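Going by this note's numbering, the first residue of the sequence shown is number 311, and it counts up by one from there. Beta carbons are placed, not taken as given, at the ideal position from N, Cα and C, and that holds for glycine. Please read all numbers here as calculations on a predicted model, not as lab measurements. In what follows, a single structure is set out as C-alpha coordinates and then discussed.
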Amino acid sequence: MENDEKYMRLAIELAEKAKGRTSPNPMVGAVIVKNEEIVGRGYHQKAGTPHAEVHAIKDAGEKAKDATIYVSLEPCSHYGKTPPCTQAIINAGLSRVVMAMTDPNPRVNGSGRKILESHGIEVTSGILEEEAFKLNEFFIKYITTKLPFVILKTAMTLDGKIATYSGKSKWITSEESRIKVHQIRNEVDAILVGIGTVIKDDPSLTTRIPDGRDAIRIILDSHAKIPLNAKVLNLKSDAKTIVIVTPSAPEGKIDQIRQKAEVIIIPEKDGRINIYELMKKLGEMEITSVMIEGGAEVNASALKAGIVDRVVFFIAPKIFGGKDAPSSVGGDGVDDPSEAIKLKDMSIEQIGEDILVTGIPCYM
(Lines of atoms letter the chains of each structure in order from A; the text may use other names.)
(Lines give C-alpha, C1' and ligand atoms only; values in the text may rest on other atoms or scores of the structure.)
Protein backbone atom coordinates (compact mmCIF):
# COMPACT_ATOMS: atom_id res chain seq x y z
CA MET A 311 0.00 0.00 0.00
CA GLU A 312 1.12 3.53 -0.78
CA ASN A 313 0.62 4.75 2.79
CA ASP A 314 2.29 1.85 4.64
CA GLU A 315 5.29 3.96 5.66
CA LYS A 316 3.09 6.82 6.86
CA TYR A 317 1.04 4.62 9.16
CA MET A 318 4.08 2.67 10.36
CA ARG A 319 5.79 5.91 11.30
CA LEU A 320 2.78 6.74 13.46
CA ALA A 321 3.05 3.32 15.12
CA ILE A 322 6.74 3.93 15.91
CA GLU A 323 5.95 7.38 17.31
CA LEU A 324 3.33 5.82 19.57
CA ALA A 325 5.84 3.21 20.75
CA GLU A 326 8.32 5.95 21.71
CA LYS A 327 5.85 7.32 24.26
CA ALA A 328 6.89 4.47 26.58
CA LYS A 329 10.66 5.05 26.44
CA GLY A 330 12.25 3.70 29.60
CA ARG A 331 8.99 2.17 30.82
CA THR A 332 8.62 -1.27 29.17
CA SER A 333 11.83 -3.11 30.13
CA PRO A 334 12.45 -6.02 29.82
CA ASN A 335 9.83 -5.88 27.07
CA PRO A 336 10.22 -3.98 23.79
CA MET A 337 8.50 -0.71 22.95
CA VAL A 338 5.68 -1.39 20.50
CA GLY A 339 3.10 0.83 18.85
CA ALA A 340 0.07 -0.14 16.74
CA VAL A 341 -2.27 1.73 14.40
CA ILE A 342 -5.43 0.26 12.84
CA VAL A 343 -6.54 1.67 9.49
CA LYS A 344 -9.77 1.03 7.56
CA ASN A 345 -10.61 2.71 4.26
CA GLU A 346 -7.65 5.09 4.78
CA GLU A 347 -9.05 6.19 8.13
CA ILE A 348 -7.25 5.59 11.44
CA VAL A 349 -9.78 3.79 13.64
CA GLY A 350 -7.53 2.55 16.45
CA ARG A 351 -4.26 3.40 18.19
CA GLY A 352 -2.33 1.86 21.03
CA TYR A 353 1.11 1.26 22.51
CA HIS A 354 2.65 -1.01 25.12
CA GLN A 355 2.86 1.16 28.21
CA LYS A 356 4.56 -1.01 30.81
CA ALA A 357 5.82 -4.60 31.23
CA GLY A 358 3.06 -6.91 32.38
CA THR A 359 0.27 -4.76 30.90
CA PRO A 360 -1.62 -5.29 27.60
CA HIS A 361 0.40 -5.04 24.41
CA ALA A 362 0.04 -2.39 21.72
CA GLU A 363 -2.17 -4.52 19.49
CA VAL A 364 -4.67 -5.14 22.29
CA HIS A 365 -4.97 -1.42 23.06
CA ALA A 366 -5.43 -0.57 19.37
CA ILE A 367 -8.07 -3.29 18.85
CA LYS A 368 -9.98 -2.08 21.89
CA ASP A 369 -9.78 1.48 20.59
CA ALA A 370 -11.08 0.42 17.16
CA GLY A 371 -13.93 -1.74 18.47
CA GLU A 372 -16.07 -3.26 15.70
CA LYS A 373 -14.23 -1.17 13.09
CA ALA A 374 -11.26 -3.54 13.45
CA LYS A 375 -13.03 -6.17 11.32
CA ASP A 376 -11.44 -6.40 7.84
CA ALA A 377 -9.04 -3.55 8.70
CA THR A 378 -5.24 -3.35 8.57
CA ILE A 379 -3.08 -3.14 11.68
CA TYR A 380 0.36 -1.52 11.53
CA VAL A 381 2.62 -2.71 14.32
CA SER A 382 6.28 -1.79 14.94
CA LEU A 383 7.24 -5.36 15.94
CA GLU A 384 5.97 -8.80 14.98
CA PRO A 385 2.92 -9.71 17.11
CA CYS A 386 3.75 -12.18 19.89
CA SER A 387 2.49 -15.73 19.59
CA HIS A 388 3.08 -17.10 23.08
CA TYR A 389 1.55 -16.79 26.53
CA GLY A 390 3.61 -14.66 28.90
CA LYS A 391 2.19 -12.26 31.45
CA THR A 392 -0.46 -11.49 28.81
CA PRO A 393 -2.16 -13.65 26.12
CA PRO A 394 -0.70 -13.80 22.58
CA CYS A 395 -1.43 -10.82 20.35
CA THR A 396 -1.83 -13.11 17.33
CA GLN A 397 -5.00 -14.51 18.89
CA ALA A 398 -6.34 -11.02 19.58
CA ILE A 399 -5.75 -10.08 15.94
CA ILE A 400 -7.49 -13.23 14.69
CA ASN A 401 -10.44 -12.74 17.06
CA ALA A 402 -10.87 -9.12 15.96
CA GLY A 403 -11.19 -10.14 12.31
CA LEU A 404 -8.32 -8.00 11.02
CA SER A 405 -7.51 -8.86 7.41
CA ARG A 406 -3.95 -7.51 7.07
CA VAL A 407 -0.97 -7.08 9.38
CA VAL A 408 1.92 -4.79 8.47
CA MET A 409 4.93 -5.16 10.76
CA ALA A 410 8.19 -3.26 10.75
CA MET A 411 10.41 -6.18 11.77
CA THR A 412 10.48 -9.75 12.96
CA ASP A 413 10.68 -10.15 16.74
CA PRO A 414 14.17 -11.57 17.52
CA ASN A 415 12.85 -13.12 20.73
CA PRO A 416 13.45 -16.90 20.25
CA ARG A 417 9.91 -17.47 21.55
CA VAL A 418 8.52 -15.53 18.57
CA ASN A 419 11.03 -15.04 15.72
CA GLY A 420 8.65 -15.59 12.82
CA SER A 421 6.09 -17.79 14.54
CA GLY A 422 3.68 -14.89 14.94
CA ARG A 423 3.69 -14.31 11.20
CA LYS A 424 3.18 -18.00 10.46
CA ILE A 425 0.16 -18.22 12.76
CA LEU A 426 -1.45 -15.14 11.21
CA GLU A 427 -0.89 -16.39 7.67
CA SER A 428 -2.26 -19.82 8.57
CA HIS A 429 -5.53 -18.04 9.43
CA GLY A 430 -5.67 -16.33 6.05
CA ILE A 431 -4.39 -12.96 7.23
CA GLU A 432 -2.12 -11.10 4.80
CA VAL A 433 1.22 -10.15 6.39
CA THR A 434 3.69 -7.57 5.11
CA SER A 435 7.02 -6.96 6.88
CA GLY A 436 10.12 -4.78 6.59
CA ILE A 437 8.34 -1.40 6.57
CA LEU A 438 10.67 1.13 8.28
CA GLU A 439 12.67 -1.80 9.61
CA GLU A 440 15.79 0.25 10.32
CA GLU A 441 13.84 2.76 12.42
CA ALA A 442 12.11 -0.06 14.31
CA PHE A 443 15.46 -1.75 15.03
CA LYS A 444 16.89 1.50 16.38
CA LEU A 445 13.80 1.99 18.56
CA ASN A 446 14.36 -1.32 20.34
CA GLU A 447 18.14 -1.72 20.26
CA PHE A 448 18.24 -2.23 24.06
CA PHE A 449 15.70 -5.06 23.85
CA ILE A 450 17.30 -6.64 20.77
CA LYS A 451 20.76 -6.81 22.37
CA TYR A 452 19.31 -8.23 25.58
CA ILE A 453 16.94 -10.81 24.06
CA THR A 454 19.58 -12.19 21.66
CA THR A 455 22.59 -12.24 24.03
CA LYS A 456 21.13 -12.04 27.57
CA LEU A 457 23.49 -9.11 28.13
CA PRO A 458 22.45 -5.49 28.65
CA PHE A 459 23.02 -2.79 26.03
CA VAL A 460 25.83 -0.61 27.40
CA ILE A 461 26.26 3.11 26.80
CA LEU A 462 29.55 4.72 27.88
CA LYS A 463 28.99 8.40 28.60
CA THR A 464 31.66 10.91 29.46
CA ALA A 465 31.99 14.70 29.63
CA MET A 466 35.35 16.20 28.81
CA THR A 467 37.17 19.32 27.71
CA LEU A 468 38.54 19.93 24.24
CA ASP A 469 41.87 18.52 25.43
CA GLY A 470 40.23 15.36 26.77
CA LYS A 471 40.21 16.14 30.50
CA ILE A 472 37.39 15.03 32.81
CA ALA A 473 38.66 17.09 35.76
CA THR A 474 41.36 19.61 36.65
CA TYR A 475 44.69 18.51 38.12
CA SER A 476 43.17 19.06 41.59
CA GLY A 477 40.19 16.82 40.79
CA LYS A 478 37.51 19.47 40.29
CA SER A 479 34.94 18.65 37.60
CA LYS A 480 31.80 20.75 38.22
CA TRP A 481 30.81 21.78 35.71
CA ILE A 482 32.69 20.83 32.54
CA THR A 483 29.70 20.88 30.21
CA SER A 484 26.69 23.14 29.76
CA GLU A 485 23.31 22.87 31.46
CA GLU A 486 21.82 21.69 28.15
CA SER A 487 24.25 18.77 28.08
CA ARG A 488 23.41 17.86 31.67
CA ILE A 489 19.70 17.83 30.81
CA LYS A 490 20.49 15.49 27.90
CA VAL A 491 22.26 13.12 30.32
CA HIS A 492 19.19 13.07 32.57
CA GLN A 493 17.05 12.25 29.53
CA ILE A 494 19.24 9.22 28.85
CA ARG A 495 19.05 8.22 32.52
CA ASN A 496 15.29 8.30 32.14
CA GLU A 497 15.50 5.73 29.32
CA VAL A 498 18.02 3.18 30.65
CA ASP A 499 17.48 0.54 33.31
CA ALA A 500 20.65 1.28 35.26
CA ILE A 501 23.48 3.77 35.82
CA LEU A 502 26.95 2.46 36.71
CA VAL A 503 29.77 4.39 38.41
CA GLY A 504 32.95 3.52 40.23
CA ILE A 505 33.59 4.00 43.94
CA GLY A 506 36.01 6.84 43.12
CA THR A 507 33.13 8.91 41.73
CA VAL A 508 31.04 8.25 44.85
CA ILE A 509 33.83 9.20 47.26
CA LYS A 510 34.90 12.29 45.30
CA ASP A 511 31.53 13.73 44.23
CA ASP A 512 28.93 11.99 46.46
CA PRO A 513 26.35 12.04 43.62
CA SER A 514 22.67 11.14 43.98
CA LEU A 515 22.51 9.53 40.51
CA THR A 516 18.83 10.38 40.21
CA THR A 517 16.90 11.63 37.18
CA ARG A 518 16.01 15.29 37.46
CA ILE A 519 13.64 16.07 34.60
CA PRO A 520 9.84 16.48 34.60
CA ASP A 521 8.10 13.09 34.83
CA GLY A 522 11.49 11.37 34.90
CA ARG A 523 12.08 8.09 36.66
CA ASP A 524 15.22 6.99 38.45
CA ALA A 525 17.36 4.21 37.05
CA ILE A 526 18.90 1.49 39.23
CA ARG A 527 22.22 2.74 40.65
CA ILE A 528 25.17 0.35 40.38
CA ILE A 529 28.39 1.14 42.28
CA LEU A 530 31.63 -0.72 41.50
CA ASP A 531 33.31 -1.03 44.90
CA SER A 532 35.77 -3.95 44.97
CA HIS A 533 36.73 -3.57 48.64
CA ALA A 534 33.45 -2.15 50.03
CA LYS A 535 34.89 1.31 50.72
CA ILE A 536 31.62 3.17 50.21
CA PRO A 537 30.80 5.54 53.11
CA LEU A 538 27.59 4.50 54.83
CA ASN A 539 26.40 8.11 54.70
CA ALA A 540 26.83 8.33 50.90
CA LYS A 541 23.80 9.80 49.15
CA VAL A 542 23.30 6.73 46.95
CA LEU A 543 22.76 4.63 50.10
CA ASN A 544 20.29 7.05 51.69
CA LEU A 545 17.89 8.11 48.94
CA LYS A 546 14.11 8.13 48.85
CA SER A 547 13.82 6.61 45.39
CA ASP A 548 11.72 3.97 43.64
CA ALA A 549 14.94 2.58 42.16
CA LYS A 550 17.36 0.54 44.22
CA THR A 551 21.11 0.91 44.68
CA ILE A 552 23.34 -2.12 44.06
CA VAL A 553 26.91 -2.21 45.36
CA ILE A 554 29.23 -4.58 43.49
CA VAL A 555 32.10 -6.01 45.54
CA THR A 556 34.68 -8.77 45.11
CA PRO A 557 35.21 -11.80 47.38
CA SER A 558 38.05 -9.89 49.10
CA ALA A 559 35.68 -7.24 50.51
CA PRO A 560 35.33 -7.32 54.34
CA GLU A 561 32.26 -9.30 55.39
CA GLY A 562 31.48 -6.92 58.24
CA LYS A 563 31.29 -3.92 55.89
CA ILE A 564 29.20 -5.93 53.39
CA ASP A 565 26.69 -6.64 56.18
CA GLN A 566 26.49 -2.91 56.98
CA ILE A 567 25.94 -1.99 53.33
CA ARG A 568 23.18 -4.61 53.05
CA GLN A 569 21.19 -2.64 55.61
CA LYS A 570 20.90 0.12 52.99
CA ALA A 571 21.37 -1.47 49.56
CA GLU A 572 21.69 -4.71 47.64
CA VAL A 573 25.18 -6.21 47.49
CA ILE A 574 26.40 -8.52 44.72
CA ILE A 575 29.75 -10.31 44.86
CA ILE A 576 31.49 -10.65 41.49
CA PRO A 577 34.88 -12.35 40.87
CA GLU A 578 38.01 -10.33 40.22
CA LYS A 579 39.98 -10.05 37.00
CA ASP A 580 43.34 -8.28 36.88
CA GLY A 581 42.69 -6.97 40.41
CA ARG A 582 39.35 -5.40 39.50
CA ILE A 583 35.72 -6.46 39.32
CA ASN A 584 35.26 -8.68 36.29
CA ILE A 585 32.97 -6.34 34.39
CA TYR A 586 31.95 -8.93 31.79
CA GLU A 587 30.79 -11.32 34.52
CA LEU A 588 28.92 -8.40 36.04
CA MET A 589 27.09 -7.80 32.75
CA LYS A 590 26.07 -11.46 32.66
CA LYS A 591 24.68 -11.15 36.18
CA LEU A 592 22.77 -7.98 35.29
CA GLY A 593 21.30 -9.76 32.27
CA GLU A 594 20.09 -12.55 34.56
CA MET A 595 18.37 -9.82 36.60
CA GLU A 596 16.53 -8.62 33.44
CA ILE A 597 18.46 -5.35 33.39
CA THR A 598 18.45 -4.64 29.66
CA SER A 599 20.44 -1.39 29.48
CA VAL A 600 23.21 0.29 31.45
CA MET A 601 24.79 3.73 31.15
CA ILE A 602 28.33 3.92 32.48
CA GLU A 603 29.09 7.30 34.02
CA GLY A 604 32.41 6.36 35.53
CA GLY A 605 35.86 7.84 35.64
CA ALA A 606 38.88 7.10 33.50
CA GLU A 607 39.60 3.64 34.92
CA VAL A 608 36.01 2.38 34.80
CA ASN A 609 35.76 3.61 31.20
CA ALA A 610 39.00 1.87 30.28
CA SER A 611 37.91 -1.35 31.94
CA ALA A 612 34.59 -1.37 30.06
CA LEU A 613 36.20 -0.73 26.69
CA LYS A 614 38.91 -3.31 27.30
CA ALA A 615 36.24 -5.90 28.14
CA GLY A 616 34.44 -5.10 24.88
CA ILE A 617 31.06 -4.59 26.58
CA VAL A 618 30.34 -1.06 25.29
CA ASP A 619 27.71 -0.83 22.55
CA ARG A 620 27.73 2.95 22.17
CA VAL A 621 29.88 5.84 23.32
CA VAL A 622 28.37 9.22 24.13
CA PHE A 623 31.04 11.91 24.50
CA PHE A 624 30.12 15.46 25.48
CA ILE A 625 32.98 17.81 24.54
CA ALA A 626 33.07 21.28 26.07
CA PRO A 627 34.91 24.16 24.34
CA LYS A 628 37.33 24.48 27.24
CA ILE A 629 40.98 23.60 27.80
CA PHE A 630 42.17 22.49 31.25
CA GLY A 631 45.69 21.36 30.47
CA GLY A 632 47.83 19.71 33.14
CA LYS A 633 49.80 16.51 32.76
CA ASP A 634 48.22 15.18 35.96
CA ALA A 635 44.64 16.10 35.05
CA PRO A 636 42.69 12.87 34.35
CA SER A 637 41.57 12.07 30.82
CA SER A 638 38.34 10.37 29.80
CA VAL A 639 39.86 6.90 29.34
CA GLY A 640 42.67 5.58 31.54
CA GLY A 641 44.20 2.13 31.68
CA ASP A 642 47.33 1.18 29.76
CA GLY A 643 46.06 2.44 26.41
CA VAL A 644 47.27 1.15 23.05
CA ASP A 645 50.85 0.87 21.85
CA ASP A 646 50.24 1.82 18.24
CA PRO A 647 47.63 4.11 16.62
CA SER A 648 46.54 1.17 14.45
CA GLU A 649 45.29 -0.55 17.63
CA ALA A 650 42.86 2.27 18.49
CA ILE A 651 39.18 1.51 19.00
CA LYS A 652 37.45 3.20 16.07
CA LEU A 653 33.86 4.36 15.83
CA LYS A 654 31.25 3.61 13.19
CA ASP A 655 27.76 5.05 12.64
CA MET A 656 28.94 8.32 14.16
CA SER A 657 26.75 11.32 14.74
CA ILE A 658 27.81 14.80 15.80
CA GLU A 659 25.48 17.48 17.12
CA GLN A 660 25.67 20.68 19.11
CA ILE A 661 24.11 20.67 22.58
CA GLY A 662 24.18 24.14 24.06
CA GLU A 663 27.77 25.28 23.70
CA ASP A 664 29.06 21.69 23.65
CA ILE A 665 29.57 19.09 20.94
CA LEU A 666 28.01 15.63 21.39
CA VAL A 667 29.74 12.78 19.58
CA THR A 668 28.09 9.35 19.57
CA GLY A 669 29.13 6.18 17.81
CA ILE A 670 29.48 2.42 17.96
CA PRO A 671 32.93 1.15 18.98
CA CYS A 672 34.61 -1.33 16.63
CA TYR A 673 36.72 -3.77 18.63
CA MET A 674 39.81 -5.45 17.18
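Met466 vs Ser638 beta-carbon contact at 8 angstroms: Yes; because the gap between Cβ atoms is below 8 angstroms, this pair is in contact.
Gly350 to Val343 span [Cα, whole Å]: A direct Cα-Cα distance of roughly 7 angstroms separates Gly350 from Val343.
Where the beta strand (DSSP E) through Gly504 begins and ends: 500-504 is the span of the beta strand (DSSP E), which, as asked, contains Gly504.
Close beta carbons around Arg331, own chain, < 6 angstroms, minus the five adjacent residues each side: Lys356.
Anticipated Cβ contact below 8 angstroms, Phe443 with Phe459, distance rounded: At roughly 12 angstroms, the Cβ-Cβ gap does not stay under 8 angstroms, so Phe443 and Phe459 are not in contact.
Nonlocal neighbours in the same chain, by C-beta distance under 6 angstroms from Val457, ignoring five residues either side: One detail in the question is off: residue 457 reads as Leu in this sequence, not Val. Within the same chain, Leu457 has close Cβ partners Met589, Gly593.
Identified DSSP bridge partners for Thr474: In DSSP, Thr474 forms no bridge with anything.
Sequence-distant residues of its chain with Cβ nearer than 6 angstroms to Ile400 (five each side left out): So the list reads His429, once near-sequence residues are dropped.
Beta-carbon contacts of Pro513 that lie in its chain and below 8 angstroms, excluding the five residues immediately before and after: Val503, Thr507, Lys541, Val542, listed in sequence order.
Outcome for Lys614 when other beta-carbon atoms lying within 10 angstroms are tallied against a minimum of 16: Counting C-beta atoms within 10 angstroms of its own C-beta, Lys614 has 16 or more neighbours from the protein chains shown and is therefore classed as buried.
Distance, Ile552 Cα to Thr359 Cα: Between Thr359 and Ile552, the C-alpha separation is close to 27 angstroms.
Rounded C-alpha distance that separates Ile526 from Leu515: Ile526 and Leu515: Cα-Cα distance of roughly 9 angstroms.
Best match in Lys329, Asn335, Gly339, Glu346 for proximity to Ile322 [C-alpha to C-alpha]: Out of Lys329, Asn335, Gly339, Glu346, Gly339 has the C-alpha closest to the C-alpha of Ile322.
Local Cβ density within 10 Å of Leu468, reported as buried at 16 or more and exposed below that: Counting Cβ neighbours within 10 Å, Leu468 comes out exposed, since fewer than 16 surround it.
Three-state secondary structure assigned by DSSP to Thr333: The displayed chain sequence assigns Ser, not Thr, to residue 333. DSSP places Ser333 in coil when its eight states are reduced to three.
Alpha helix (DSSP H) runs wholly inside the region 328-390, at least 4 long, in chain order: Fully enclosed alpha helix (DSSP H) runs of no fewer than 4 residues occupy 362-370 of the region 328-390, in order along the chain.
As assigned by DSSP and simplified to three states, the class of Phe448: Looking at Phe448 - three-state DSSP - the assignment turns out to be helix.
Which of helix, strand or coil DSSP assigns to Ala606: Residue state, collapsed to three classes: helix.
Same chain only: Cβ atoms within 7 angstroms of Gly643, ignoring 5 sequence neighbours per side: Nothing meets the Cβ criterion.
Lys541, DSSP secondary structure in three states: Helix.
Beta-ladder partner(s) of Arg620, from DSSP: Partner(s): Ile461.
Thr434 versus Glu440, Val407, Asp413, Gly422, residue with shortest Cα-Cα distance: Checking every option, the nearest Cα to that of Thr434 belongs to Val407.
Asn496 and Ile529 closer than 8 angstroms at C-beta: Pairing Asn496 with Ile529 gives a Cβ-Cβ distance that is not under 8 angstroms.
Sequence-distant residues of the same chain with beta carbon closer than 6 angstroms to Lys579, five excluded per side: Counting only residues of its own chain and dropping the five nearest sequence neighbours on each side, Lys579 has no CB closer than 6 angstroms to any other CB.
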